[in-house]
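Residue numbers (full-length UniProt numbering), protein chains in the order written: chain U, 1 to 205; chain V, 1 to 205.
Backbone N, C-alpha and C fix where the C-beta goes; we use that ideal spot for every residue, glycine too.
One structure is given here, and the rest of the page talks about it.
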DNA sequence: TGTGATTGGATAGTGTTACTCTCCAATACT
DNA sequence: AGTATTGGAGAGTAACACTATCCAATCACA
């Protein structure tokens with residue numbers, strides 16, 4: 001398959017395929033001559049993953065490159081790999097100043113209330129802190145009972161996710177990293193739709 | 001309070017306050033002379049909401065303007081207002097061609113499986129369709145049991161949200177619109193952290 | 001009452017991002 | 001033989017969220 005066939009198969013403009021190659025999101029084809037290379041199904045699949053990540057998931061090309069890099073070449077430690085992947089996911093928050101004795105007061109309190117263990121280095125802690133700070137700044141702080149409700153339901157979802165994790169290490173990384181990112185838009189859409197469903201039932205009942 | 005005091009109180013650059021005024025995200029102060037206007041606490045709060053929406057929630061200035069406009073001036077119909085608000089939230093998906101007999105096959109099947117009623121005009125339907133299409137394109141389609149699990153937990157969360165909705169109409173709009181947007185980053189962060197917590201318990205146990 | 005700072009407002013400039021366009025010489029097809 | 005397409009490089013573009021510069025009209029204080 002030549003580059004124009006690849007572009008057609010993945011349904012993206014040729015110039016965009018060239019752009020992904022240049023940016024290192026897409027692995028080069030195997031060169032068959034000085035001005036020709038051939039591409040295969042792995043390239044088509046890769047482009048589809050790139051579009052999924054930069055589209056619904058909302059990643060920048062830079063973030064997508066990081067995520068894809070982790071899948072292609074995961075470290076030995078699945079936990080550390082997932083940590084790096086979560087750090088690349090939006091919302092990106094900058095690391096706190098290292099001399100701050102309590103950089104995440106809201107997140108710390110919330111996780112304590114939930115009884116959850118966590119690694120303060122994990123990017124999601126800073127993300128939770130920023131999200132909680134935003135709710136307060138906007139005048140709608142997260143109440144304790146809401147935190148408990150959300151935390152409980154999301155832990156049930158997380159437990160389900162982990163039950164389905166493949167055993168083979170490479171597949172596990174791909175499942176975990178892509179599953180974290182790809183299912184998030186589904187979760188948000190389902191909550192928005194559930195609001196509508198619950199509201200309509202309440203009106204009628 | 002003059003404009004520089006407002007900028008200091010809300011902790012944003014003065015030039016940015018002027019930008020928000022120009023873009024219509026922030027209501028003008030009351031003019032006290034040809035070159036002076038005075039601002040109050042409502043302006044400070046508004047800027048905080050703007051920063052919350054354009055920061056952790058990840059809205060563009062354009063999207064934030066739409067959301068804020070709906071809160072300021074909601075229609076008589078809460079349902080329609082929420083629908084418009086959800087349409088302004090990312091991920092933005094374009095409306096399907098009107099002559100397509102079945103524009104949302106995946107979302108339709110998913111909502112049928114969940115037994116949920118929905119309005120096909122509701123933007124979240126198109127968002128769910130795009131999110132499901134992305135999972136398939138990336139080679140990780142959402143299985144039926146996962147859909148059921150996610151749908152059930154999110155409906156529980158949605159029911160909780162609605163229970164806490166204020167009765168006064170204006171407060172209800174603000175709660176619903178801001179609550180949908182502001183709590184989403186919290187939900188994603190909590191899922192990411194729950195993965196870590198559940199995984200660590202599993203290893204130890 | 002002078003005088004330096006600040007104001008609201010308008011206009012233009014900046015850096016980033018995700019493409020998109022244009023060229024090019026070197027093949028490939030017919 | 002001649003037209004078309006290729007991979008690759010470079011520059012261009014449009015949108016975005018500020019940010020900087022100006023300006024004449026006040027204002028605040030000495």
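Give the secondary structure of residue i by DSSP, where H, G and I count as helix, E and B as strand, and everything else as coil.
i: residue 35(U); result: coil
i: residue 128(U); result: helix
i: residue 95(U); result: coil
i: residue 57(U); result: coil
i: residue 196(V); result: helix
i: residue 167(V); result: coil
i: residue 179(V); result: helix
i: residue 25(U); result: coil
i: residue 138(V); result: coil
i: residue 120(V); result: coil
i: residue 185(V); result: helix
Taking DSSP's pairing of strands, which residues face residue i in a bridge?
i: residue 30(U); result: 38(U)
With residue i as the anchor, note down where its alpha helix (DSSP H) starts and where it stops.
i: residue 16(U); result: 14 to 22
i: residue 4(U); result: 3 to 10
i: residue 83(U); result: 78 to 88
i: residue 66(U); result: 61 to 72
i: residue 150(U); result: 144 to 163
i: residue 105(V); result: 105 to 114
Taking the alpha carbon of residue i as the point to measure from, which residue in the options has its own alpha carbon closest?
i: residue 9(U); options: 21(U), 33(U), 39(U) and 30(U); result: 39(U)
i: residue 172(U); options: 36(U), 20(U), 72(U) and 31(U); result: 72(U)
i: residue 127(U); options: 94(U), 47(U) and 5(U); result: 94(U)
i: residue 101(V); options: 120(V), 90(V), 112(V) and 17(V); result: 120(V)
i: residue 184(V); options: 163(V), 203(V), 154(V) and 30(V); result: 154(V)
i: residue 55(V); options: 90(U), 139(U) and 62(U); result: 90(U)
i: residue 182(V); options: 117(V), 14(V), 59(V) and 75(V); result: 59(V)
i: residue 105(V); options: 161(V), 129(V) and 146(V); result: 129(V)
i: residue 1(U); options: 195(U), 23(U), 111(U) and 36(U); result: 36(U)
i: residue 192(V); options: 201(U), 23(U) and 178(U); result: 178(U)
i: residue 62(V); options: 200(V), 85(V), 123(V) and 158(V); result: 85(V)
i: residue 76(V); options: 194(V), 170(V), 156(V) and 195(V); result: 170(V)
i: residue 174(U); options: 68(U), 28(U) and 15(U); result: 68(U)
i: residue 159(U); options: 33(V), 97(V), 26(V) and 200(V); result: 200(V)
i: residue 157(V); options: 168(U), 167(U), 145(U) and 165(U); result: 145(U)
i: residue 115(V); options: 29(V), 152(V) and 26(V); result: 152(V)
i: residue 168(U); options: 74(U), 195(U) and 149(U); result: 74(U)
i: residue 123(V); options: 195(V), 150(V), 143(V) and 92(V); result: 92(V)
i: residue 195(U); options: 96(V), 164(V) and 64(V); result: 164(V)
i: residue 27(U); options: 98(U), 33(U) and 41(U); result: 41(U)
i: residue 141(V); options: 49(U), 97(U), 33(U) and 117(U); result: 49(U)
i: residue 57(V); options: 149(U), 133(U) and 29(U); result: 133(U)
Can you give the beta carbon distance from residue i to residue j, rounded, assuming they're within the 8 Å contact cut?
i: residue 107(U); j: residue 131(V); result: That belief does not hold up - the Cβ atoms of residue 107(U) and residue 131(V) are roughly 27 Å apart, past 8 Å.
i: residue 20(V); j: residue 47(V); result: 7 Å
i: residue 186(V); j: residue 135(U); result: 7 Å
i: residue 162(V); j: residue 125(U); result: So it is not a contact: roughly 29 Å between Cβ atoms.
i: residue 176(U); j: residue 82(U); result: 5 Å
i: residue 43(U); j: residue 6(U); result: 6 Å
i: residue 3(U); j: residue 12(U); result: That pair is no contact at about 11 Å.
i: residue 147(U); j: residue 112(U); result: Not a contact, Cβ separation roughly 11 Å.
i: residue 137(U); j: residue 51(V); result: 7 Å
i: residue 66(V); j: residue 88(V); result: 4 Å
i: residue 139(U); j: residue 45(V); result: 6 Å
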